[in-house]
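Under our numbering, the first residue of the sequence shown carries the number 1, and numbering increases by one thereafter. The structure appears below as structure tokens.
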Amino acid sequence: MSPTLAVFYLLAAITLGSAVAVVSSRNVVYAVLALLLSLVAVAGLFILLLAEFLALVQVLIYAGAIIIVLLFALMLTRVEEFARVRDNPQRPIALVVAGAVLGILIAAFLRFSPATQELKHVGVTALGSELFTRWAIPFEVASLVLLVALIGAIVIARAGGRE
């Protein structure tokens, strides 16, 4: 086994294990920290795929900014509201449905063999040039959607504080 393959298996195991910890943890702070570990492991997988720019974006945007926002949201949330929440009685049904979906995905994956082709390496300069010339309008629409979501979150937060 090559060292690259061993690192891939290690990062994949860390990603999957921490993703399971995210959805199964009863403590929300531990779930956020497991999400951080999962996102950093995905950045490691991007590095193995020679996509350094995506790894950098993954660490800066997701592992950095999003995790900090989630931790601040947790700190500003009243814990008393969640003390009454118990396990959902529909949990066994959800597990059966999740198992069925997993089975369907595994069956589809085993039957599908995509044709592989050699990918060409694209530098960050070419990526930035494409992003701001050919894809400028979709990029601006995405930024407007994020701006509207941010304004909506501020309005909802202010309205909730008045009650």
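By construction, the Cβ of each residue, glycine as well, lies at the ideal position given by its N, Cα and C atoms.
In terms of residues, what are the limits of the alpha helix (DSSP H) holding residue i?
{"i": "residue 28", "result": "28-48"}
{"i": "residue 99", "result": "91-111"}
{"i": "residue 5", "result": "3-24"}
{"i": "residue 73", "result": "67-76"}
{"i": "residue 64", "result": "It is not in any alpha helix (DSSP H) - residue 64 carries neither H nor E in the DSSP assignment."}
{"i": "residue 128", "result": "124-132"}
{"i": "residue 55", "result": "52-57"}
Taking the beta carbon of residue i as the centre, do at least 16 other beta carbons fall within 10 Å, making it buried, or is it exposed?
{"i": "residue 16", "result": "exposed"}
{"i": "residue 38", "result": "buried"}
{"i": "residue 203", "result": "Residue numbering for the chain in the displayed model covers 1 to 163; residue 203 lies beyond these limits and cannot be assessed."}
{"i": "residue 98", "result": "exposed"}
{"i": "residue 44", "result": "buried"}
{"i": "residue 76", "result": "exposed"}
{"i": "residue 113", "result": "exposed"}
{"i": "residue 95", "result": "exposed"}
{"i": "residue 53", "result": "exposed"}
{"i": "residue 55", "result": "buried"}
{"i": "residue 164", "result": "One cannot answer for residue 164 here, as it falls past the ends of the chain, which runs 1 to 163."}
Worksheet item: Given 8 Å as the limit, is there contact between the segment 28-37 and the segment 59-70, that is, 3 or more CB pairs closer than that?
Response: yes
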